[in-house]
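Protein chains in written order, with this note's numbering: chain S, 1 to 341; chain Z, 342 to 682; chain R, 683 to 1299; chain A, 1300 to 1916. Note that beta-carbon positions come from the ideal geometry of N, C-alpha and C, so glycine has one too.
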Amino acid sequence: MSATDIQPLTAKDLATDQDVRWCPGCGDYSILKQMQSTLAEAGIKKEDTVFVSGIGCSSRFPYYMDTYGIHSIHGRATAIASGLKATRPELSVWVITGDGDALSIGGNHLIHALRRNFDVNILLFNNEIYGLTKGQYSPTSPRGQVTKSTPMGSLDHPFNPLALALGADATFVARSMDRDPKHMRAILQAADAHKGTSLIEVYQNCNVFNDGAFAAFTDKGTKASNTLFLEEGAPLIFGHEEELGIRLSGMKPEVVALSDVSKDDLWIHDSRDMGKAMLLTRMFDDPRKESALPRPFGVFYREDRYLYEEVMQEQIDKAKAVKGEGDLDQLIRGGHTWKVV
Amino acid sequence: MSATDIQPLTAKDLATDQDVRWCPGCGDYSILKQMQSTLAEAGIKKEDTVFVSGIGCSSRFPYYMDTYGIHSIHGRATAIASGLKATRPELSVWVITGDGDALSIGGNHLIHALRRNFDVNILLFNNEIYGLTKGQYSPTSPRGQVTKSTPMGSLDHPFNPLALALGADATFVARSMDRDPKHMRAILQAADAHKGTSLIEVYQNCNVFNDGAFAAFTDKGTKASNTLFLEEGAPLIFGHEEELGIRLSGMKPEVVALSDVSKDDLWIHDSRDMGKAMLLTRMFDDPRKESALPRPFGVFYREDRYLYEEVMQEQIDKAKAVKGEGDLDQLIRGGHTWKVV
Amino acid sequence: MGIVTEKKEDVIILFAGDSGDGMQLTGSLFSNTSAQFGNDISTFPNFPAEIRAPQGTVAGVSGFKLRFASIDIFTPGDEVEVMVAMNAAALKANIDQLKVGGTIIANSDGFDKKNLRLAKYDDESNPLLDESLDKFHLIEMDVTKMTRQALVDSGLGTKEIDRCKNMYVLGFLYWMYNRKLENTERFIREKFAKKPDIREANLKVLKAGYYFGDTNETFTTRYEVESANLPSGEYRSIMGNQGTALGLIVAAQKAGLGLFYGSYPITPASDILHELARHKEYGVKTFQAEDEIAAICASIGASYGGSLGVTASSGPGIALKGEAIGLAVMLELPLLVINVQRGGPSTGLPTKTEQSDLLQAMHGRNGEAPLVVIAPSSPSDCFETAIEAARISLEHMVPVMYLSDGFIANGSEPWKYPSAANIPAIHPRFADAKKELDGGVYYPYRRDENLVRSWATPGMKDLQHRVGGLEKDFETGNVSYDPENHARMVNARKQKVEKIADHIPLQGFEQGEESGELLILGWGSTSGAIRTAVRELIAEGHKVSHAQIRYLSPFPKNLDQVVKRFKHVLIPEINDGQLIQLINAKFDKRATPLNKVKGMPFTAREIKEKANELLSK
Amino acid sequence: MGIVTEKKEDVIILFAGDSGDGMQLTGSLFSNTSAQFGNDISTFPNFPAEIRAPQGTVAGVSGFKLRFASIDIFTPGDEVEVMVAMNAAALKANIDQLKVGGTIIANSDGFDKKNLRLAKYDDESNPLLDESLDKFHLIEMDVTKMTRQALVDSGLGTKEIDRCKNMYVLGFLYWMYNRKLENTERFIREKFAKKPDIREANLKVLKAGYYFGDTNETFTTRYEVESANLPSGEYRSIMGNQGTALGLIVAAQKAGLGLFYGSYPITPASDILHELARHKEYGVKTFQAEDEIAAICASIGASYGGSLGVTASSGPGIALKGEAIGLAVMLELPLLVINVQRGGPSTGLPTKTEQSDLLQAMHGRNGEAPLVVIAPSSPSDCFETAIEAARISLEHMVPVMYLSDGFIANGSEPWKYPSAANIPAIHPRFADAKKELDGGVYYPYRRDENLVRSWATPGMKDLQHRVGGLEKDFETGNVSYDPENHARMVNARKQKVEKIADHIPLQGFEQGEESGELLILGWGSTSGAIRTAVRELIAEGHKVSHAQIRYLSPFPKNLDQVVKRFKHVLIPEINDGQLIQLINAKFDKRATPLNKVKGMPFTAREIKEKANELLSK
Ligand SMILES: Cc1ncc(C[n+]2csc(CCOP(=O)(O)OP(=O)(O)O)c2C)c(N)n1
Ligand SMILES: Cc1ncc(C[n+]2csc(CCOP(=O)(O)OP(=O)(O)O)c2C)c(N)n1
Ligand code: SF4
Ligand code: SF4
Ligand SMILES: [Mg+2]
Ligand SMILES: [Mg+2]
């Protein structure tokens, strides 16, 4: 019971009257839940929050949040969010998208949004498949994946989404997973706190068309040895007994046993070091591979950069300061007029 | 005179009957010239060579090459080239594009082409402006650039094209400039030799709408101190008297005087080291800045990766090997039939 | 106590259950058996829009409508005679399709409290218990219980056991309609060859369902639907998207070309991609592009390279291709653009059918950019029409828009398939240096008597040339800003399309005389419903005819004459009136629209009613 | 020897030279002086498609056509009376526009060997020397030489000196037409305020040209074009794109909204972006997006946020927006889509004008997606029409397509501009929680008597709601796959657009009676040419009327009546016949087309000829 008479917002308050229409067991449920509780905790104003999505299973998300929302067209959510944020800087704007929506048809809008750096949070549900269209491979599907459209295996070398985001000069790049609610919430909070465009890649299980795509990272048995959870200022340590670490030899990360190497010699995570962040994104081995490096989760990179919507407004303020509030008659008259009598 | 009665191909043979319609003094002329002499030297077959372009001043290029050519629509040249190369692997396919054509409207097709790795050469004429439409800023224009569409200066944080290309898992990434014919030809040869998609960014002067954008790198007086020409296996050295070098301290490149530092301690260029390549792309300082790092030119990165058109054909061969050459009647009949008498 | 066997001409069964209940499979197995037996059949699946809407809810119901008859039929029909309802939601979602006196076969286990609640039956009243179903013939059976009993000692887990439920229902229906089990048994043996226990379980339950009919006293009548007298020959059953895919492969081979299919997945067009990807041994290259624009552009690149370039999409995906289609019009290259239409506008109703993209096909790009528009009228017609589209595109160097829709794309029918040898060859208009070169110069835009330019592909010596989207000189193809040349080229592109009318059949009639009271003029997937309606109208003595337009641009040369000869012209469309705009703009005859925009095909009755209204005028 | 002064009613001058010769500036300076003096004027620039085509070549010629008169005029006119040719190419490119007996002012220096070769005069024969120009009045002057002489001791380099050449010509023409120099002198002083030497040079050369006429014996006649009796008031000269930009700013302010303009550069639409970007003090936010799709989507986002969202493009850029326009139709949000039409199809003729995107505007997206289409008819009309488009979009929650074209976009005319106070306010249909909430629930798709839904924007408490591209429930706006609901929504979207006909003026007449022999029915930029033709036809005693359609969707309610009352209806279009398809499809009256697809506007003569042909029937 809070002292004030305003009830604190609960996750439930953020749900809508619509039945959630994802397949039973879909990873999307957990992400929705974490979002609702994170925003409730943050005590947002519903009416000042907008969820914009494209098309895909993941993009149904806005229907389940009792905020403002647009379930737009395939791949364009980032573009729509840009126009919204440019004109309504005070709103909290979230983009919900999938690996197909964001990286296939929406790839161009994504990279441009990242470089422009509006203060928008982008959640990329990566299930390495086209779910809504019933299972074709996506730009993140590993090569050779057998799907409806690739009965003999996919040919494409997949994107490394976070490497692409850094290449596009993103100012906040992170990764989380549907199966780790606590971590998800922490990352959502960090993204929300970041001033600028945040890209969060969420590993999400599509249990109908691509079940277990991330099992190596999410299953109890294998998680500890295949994942590396990044913590600011802390050394890169992983393993069931936290017995392993990552050391940088020149520019190559290597796994070392803490039995032989002291923690002080390990790679210390600094999310403001672009060079290191680039190397982290390249820790992208297939976990089944011998001596695969663990897959990093957490905030890879963050950078402070001016917000597009702010400098846009500044030019307007400056123009007004210099020329004065626009006067319509002056506008219509223009420079050169004459009288006819 | 060659012994055989076939005359060796000359640059002239590659010209068409069309007047070249670029502005007098445009950097495009030199690029055209280098292309013609490089291909003539290589002794290509005109009929087996195709130039595909989008829209822009640069994209007029195909009209001036007496090969097959498509002057297509804005931003789509890479997509068109993909379909052409997928079906005609034996052809030599070149894409000609601009900073707007490739990175603005065509950004998505570019990054997907790079990851798929068809054996296509992409020449990106970067003049940091939209030339054909008479001078609006482009995705590579530096922030604050005053253009027709940005009288108070552009707001956008520009792309770093080569960083983006690496982020998209390109297998060949290089930079050259219109004002250095020798270097241009060398890079064109290297790109042509590379099996896979080559991206060459060419700094090209638009003397009408963005004159001098690259003067710091191309002018006699400043070139030596602002540019760094990469040579495989050689230390990174630059300066008027080659008196300066680049050393890596951890992951930070720093300028050192060869008077104090021996060449052996310098960064040795290895175009197969992705980590180093990423750092090279980030040597992107404004040359007017105090203690700016020099801008690298040459081949930043190369990697051997399977060609999309090859694995595509392999699946077809395999299917034929397993199921035998397709028989139309069998196809039409399908699995399950019955007789009506 | 004896069992009566009653003859029937025409039966419509609807299999309805949860997405997980395997109703699609059950339906197609019954279809195959009936087809094999010699019935004419027509089927129509109806999936939920969500991948897997919540189990037990109405949104999650998946249905398969099967019509089989001893007469020939052209649609899945209107009112359902027998409905299988595996749970309460299935009943609720479909009950109003069932005709009065129709039979409901209900899986009582699917009507427990939980299912009733999920199906949102108010205060959980159970329709099986109250009087709400009195006007129907209700057959209840606890399929789950009986399936489990049948498999007690199968050693399978309940989950696997319950997956056999649909076989029990199928078996029972086979009994009810006097069908043999062989066909289905063969299928089961093949499908589960590697899983003997599953195989045996399914076979056992199938039989159990059949014997249930035999042994259970309560069923006193069985039905018999004799074989239809279809024209004799070899048959198979085919779905529209499948027919389109096969047609494309055949067309490419008949033209001696490679087939390149550039596409981006979208419902309901995706299945064409899936089908083509399975036939690589025919040299088919399928390319899943990053978006629809890349897909069509890649196909244009392939066409420039000398392949048959094809791209396909639906709904919003086609809207995205407008600019590139314009380029293809300008380049005058062969290109097939397949539009499997769905409910619009925007994302609209992805899994529902509609014919609302006709005017977009005609005008959906900038400038004067005429192309060929052609539409298949049934699942099997997709095969022929796809070949025809390719022929026109390759022989006339022009992009062709092919307008299928969700109804025929997913529907199926028996198909008396042709032999490959009887399909005529296609003759692409390839350039030949010997012929084409004039004083050593190649003129890529010189035209033959059909205004068709020649197709010079990379690798052809001395024919190097440049094409592009800017207006071109009438002969050299070089960029030209000359006013007269522009007018000339705009006209040439139009005339080229119009001249194709000399190379397509005149408009014929599906049924009826060449003149009369009423012409029902359709296009695309409305054919079956119109045909059924017209057959009945003629039988009732009306002077009614049916013409179905396959060639929408250009129109057959005689279409003007065709419409003139009737007092009334009725144009039924699954849209808000599009073909009728073209007809009214072009011909003096004023036609009457009949429009339906519900994401559903016409029923024959709807068309008949409107026809009678006009006839009584 | 005395100098005669001859009165003229109507003069057409064409300034033609190399892109570098400053003809555009020269032309507009003469225009301003004439306008200021009180003439009615109409101008039409004609640039080369290349940025800077090779100097001296025909492709590099830049022309500025100026018509000024003491009568009121509506077009830049047909035949040129005086042509300035700064070089051989300029002469060659434009000579056939010059009327017999017309005057050529040729810069002899531009006819040297090099220039003749570049202009591709065969065997370099010099037209100034041979007889080819005999039927014209040729005035030769070595402008270069005389300019250099005038500036010998200016201390400027030759390059700078030669840049003043155009002032010499201008000065001479001012003499020829009895114009004062003040205006131009003021302009020069302002422009070169910071460069005194350049300023003085220009002033000096301007005078030199003027005095040349005075002193040179050979010129015995001067001309005088008296001021036209335009309605009295304050005037300015305005170009179409400028008018559109100003209209948008005014509309946003009159609606009390921010203006968001999302666009991607393209010719000829870009100048609207450039103009708007210069007026940030009016709170205008311009966004140069990565492509046309992002541009319109950003504008949709801005509209959802409560701004006036506007996007613009031309040619292929509009084709790319089809899908997103469909979304806007579905969302029922305000949105302006501006199409400055150019020659098509595909990339077509970027710098030439055309009206060939009307049917794309009507049908260029998937599904049944009706919207409002509106077209300005002259440079100054762009201002009013832009405001009208915004009003409809904001008050009826519907996307509006605004069809301008290259001709009016770059053309200019004197404009008796209004005072802001006299422009009525616009009333957006904002939601109001007090009114909208029903039992605490907001129904975003409930409609008022005009079928308009309310506009709830983020920040409005208790009105949170979700919109999207899937079909929606008629009231709640939730996703609905219900067949009846779909039919209802398709109809509602159509009716909403049709009801707008109740809120727009009835179709009126520009000239002529409400009935008669011939109605010339135009839309958009053909207005001026039609008006001129009709004025003459009426003067010649014909029963001809002129109606210009601004509202193309929905049509004015009385349009049917308007066309009915004439024996003939002639529809001139700068396309292959598009409006006529809409008219013929909708009304029983059969109209006659007059089409021109040369990238050029109609001449009044072309329209008159066709009209006479019909009248003599
Ligand atoms: C323009 C357009 N093209 C294609 C589609 C079909 N489509 C809908 S969602 C989707 C991809 C879904 O994959 P993803 O973005 O990964 O989302 P997921 O369903 O996996 O969550 C596609 C191809 C569409 N709706 N619109
Ligand atoms: C679909 C489409 N959008 C926009 C344009 C207009 N346009 C033509 S070229 C161009 C950009 C040119 O810039 P760049 O690609 O850098 O080429 P450059 O002219 O600088 O060589 C634009 C916006 C077009 N032709 N088509
Ligand atoms: S298809 Fe996959 S991603 Fe989509 S809802 Fe089902 S499980 Fe989730
Ligand atoms: S505008 Fe610039 S890029 Fe284009 S041709 Fe002229 S100089 Fe070259
Ligand atoms: Mg996905
Ligand atoms: Mg450029």
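Practice task
Check whether the Cβ of D99 of chain S sits closer than 7 Å to any heavy atom of ligand 5, and report yes or no.
Solution key: Translated into the one-based positions of the first sequence, residue 99 of chain S becomes position 99. The closest heavy atom of ligand 5 lies less than 7 Å from the beta carbon of D99 of chain S.
Practice task
Quick one: residues in its chain with C-beta nearer than 7 Å to the C-beta of I1297 of chain A, no 5 flanking neighbours on either side, listed in chain order?
Solution key: Given a span of 1300 to 1916 for chain A in the structure shown, any question on residue 1297 of chain A remains unanswerable.
Exercise for the section: With a threshold of 16 other CB atoms inside 10 Å of the CB of P158 of chain S, please say whether the residue is buried or exposed. Expected result: Stepping through the first sequence from its first residue, residue 158 of chain S is reached at position 158. Taking every protein chain shown into account, the CB of P158 of chain S has 16 or more other CB atoms within 10 angstroms, so this residue is buried.
Handout entry: Separation of Q204 of chain S from M1 of chain S, as counted between CA atoms
Key = The count along the first sequence starts at 1 and reaches residue 1 of chain S at position 1. The count along the first sequence starts at 1 and reaches residue 204 of chain S at position 204. Bear in mind that a pLDDT of 39 at M1 of chain S, under 50, signals an unreliable position, so the number given afterwards is only what the model happens to contain. Their backbone Cα atoms lie some 36 Å apart in a straight line.
Practice task
Find the residues of chain A that neighbour I437 of chain Z, judging by a C-beta separation of less than 8 Å, and give them in chain order.
Solution key: Locating residue 437 of chain Z in the second sequence gives position 96, counting from the first residue. For the C-beta of I437 of chain Z, not a single chain A residue is nearer than 8 Å; the gap to the nearest is close to 15 Å.
Handout entry: First and last residue of the uninterrupted beta strand (DSSP E) at M518 of chain Z
Key = Along the second sequence, one-based indexing puts residue 518 of chain Z at 177. For M518 of chain Z, the uninterrupted beta strand (DSSP E) run begins and ends at F513 to M518, by DSSP.
Problem - Pair within 8 Å by beta-carbon distance, N848 of chain R and G704 of chain R - result: Start at 1 with the first residue of the third sequence, and residue 848 of chain R comes out as number 166. Start at 1 with the first residue of the third sequence, and residue 704 of chain R comes out as number 22. Pairing N848 of chain R with G704 of chain R gives a Cβ-Cβ distance under 8 Å.
Handout entry: Touching by the beta-carbon criterion (3+ pairs, under 8 Å), the region 952-972 of chain R and the region 1634-1653 of chain A
Key = With contact defined as three or more Cβ pairs closer than 8 Å, the region 952-972 of chain R and the region 1634-1653 of chain A are not in contact.
Problem - For N551 of chain Z and N458 of chain Z, believed in contact at Cβ under 8 Å, the rounded distance - result: By 1-based counting over the second sequence, the position of residue 458 of chain Z is 117. By 1-based counting over the second sequence, the position of residue 551 of chain Z is 210. Rounded to the nearest angstrom, the Cβ distance from N458 of chain Z to N551 of chain Z is 32 Å, too far for a contact under 8 Å.
Problem - S198 of chain S - DSSP class collapsed to helix/strand/coil - result: Start at 1 with the first residue of the first sequence, and residue 198 of chain S comes out as number 198. Of the three classes helix, strand and coil, the one that applies to S198 of chain S here is strand, per DSSP.
Exercise for the section: To the nearest angstrom, report how far apart A344 of chain Z and A383 of chain Z are at their CA atoms. Expected result: Translated into the one-based positions of the second sequence, residue 344 of chain Z becomes position 3. Translated into the one-based positions of the second sequence, residue 383 of chain Z becomes position 42. Residue placement at A344 of chain Z is flagged as unreliable, the pLDDT there being 44, under the threshold of 50; the coordinate-derived value follows with that caveat. So the alpha carbons of these two residues sit roughly 18 Å apart.
Problem - Identity of the residue in S:C23, S:D17 and S:Y68 nearest P1757 of chain A by Cα - result: Here residue 1757 of chain A is taken as the residue at index 458 of the fourth sequence, counted from 1. Measuring C-alpha to C-alpha distances from P1757 of chain A to each of S:C23, S:D17 and S:Y68 identifies S:Y68 as the nearest.
Handout entry: Enclosing alpha helix (DSSP H) for G83 of chain S [first to last residue]
Key = Here residue 83 of chain S is taken as the residue at index 83 of the first sequence, counted from 1. Counting along the chain, the unbroken alpha helix (DSSP H) around G83 of chain S starts and ends at A77 to T87.
Exercise for the section: Check K817 of chain R in the structure and name its three-state DSSP category. Expected result: Working through the third sequence from its first residue, we reach residue 817 of chain R at position 135. Coil.
Practice task
Please indicate yes or no: does the CB of D614 of chain Z lie closer than 7 Å to some heavy atom of ligand 3?
Solution key: Here residue 614 of chain Z corresponds to residue number 273 of the second sequence, with the count starting at 1. Shortest gap from the CB of D614 of chain Z to any heavy atom of ligand 3: 7 Å or more.
Practice task
Inspect the CB distances between the region 915-930 of chain R and the region 848-868 of chain R and report whether three or more fall short of 8 Å.
Solution key: Contact between the region 915-930 of chain R and the region 848-868 of chain R is absent, because fewer than three Cβ pairs lie under 8 Å.
Problem - Beta-carbon spacing of I111 of chain S, G1768 of chain A below 8 Å - result: Sequence index remark: in the first sequence, residue 111 of chain S carries index 111 (1-based). Sequence index remark: in the fourth sequence, residue 1768 of chain A carries index 469 (1-based). Cβ atoms of I111 of chain S and G1768 of chain A: not closer than 8 Å.
Problem - Among A:K1479, A:K1494, A:G1508 and A:K1734, the one whose alpha carbon lies nearest that of F1471 of chain A - result: Along the fourth sequence, one-based indexing puts residue 1471 of chain A at 172. Looking at the Cα atoms, A:G1508 is the closest of the given residues.
Handout entry: 8 Å Cβ cutoff met for F1065 of chain R and G925 of chain R
Key = Indexing the third sequence from 1 puts residue 1065 of chain R at position 383. Indexing the third sequence from 1 puts residue 925 of chain R at position 243. Closer than 8 Å, so yes.
Handout entry: Which listed residue (A:G1647, A:S1531, A:T1342 and A:H1573) has its alpha carbon closest to that of N1540 of chain A
Key = Looking up residue 1540 of chain A in the fourth sequence gives position 241. When only C-alpha atoms are compared, the closest one is A:H1573.
Problem - Opening and closing residue of the beta strand (DSSP E) in which H610 of chain Z lies - result: Working through the second sequence from its first residue, we reach residue 610 of chain Z at position 269. H610 of chain Z -> no beta strand (DSSP E), and no H or E assigned at all.
Practice task
Run the proximity test for L132 of chain S: is its beta-carbon closer than 7 Å to any non-hydrogen atom belonging to ligand 7?
Solution key: This structure simply doesn't include ligand 7; it includes ligand 1, ligand 2, ligand 3, ligand 4, ligand 5 and ligand 6 instead.
Problem - Limits of the alpha helix (DSSP H) - the one that Q1541 of chain A falls within - result: For this step, residue 1541 of chain A is matched to residue 242 along the fourth sequence. If you look at Q1541 of chain A, you'll find it in the alpha helix (DSSP H) that goes G1539 to K1553.
Exercise for the section: Taking only heavy atoms of ligand 1 into account, decide whether any of them is closer than 7 Å to the Cβ of F125 of chain S. Expected result: Position 125 of the first sequence holds residue 125 of chain S. At a cut-off of 7 Å, the beta-carbon of F125 of chain S counts as near ligand 1: some heavy atom of the ligand is closer than that.
Exercise for the section: Can you grab the Cα-Cα spacing for the pair A1627 of chain A / G1326 of chain A, in whole Å? Expected result: In the fourth sequence, counting from the first residue as 1, residue 1627 of chain A sits at position 328. In the fourth sequence, counting from the first residue as 1, residue 1326 of chain A sits at position 27. Taking the straight line from one Cα to the other gives about 42 Å.
Practice task
Give me the Cα-Cα distance between F466 of chain Z and R1135 of chain R, rounded to the nearest whole angstrom.
Solution key: Position 125 of the second sequence, counted from the first residue, corresponds to residue 466 of chain Z. Position 453 of the third sequence, counted from the first residue, corresponds to residue 1135 of chain R. Roughly 33 Å separates the two Cα atoms.
Handout entry: Every unbroken alpha helix (DSSP H) within the region 1359-1397 of chain A, with a cutoff of 4 residues, ordered by chain
Key = Scanning the region 1359-1397 of chain A for uninterrupted alpha helix (DSSP H) segments of 4 residues or longer gives 1387-1393, listed from N- to C-terminal end.
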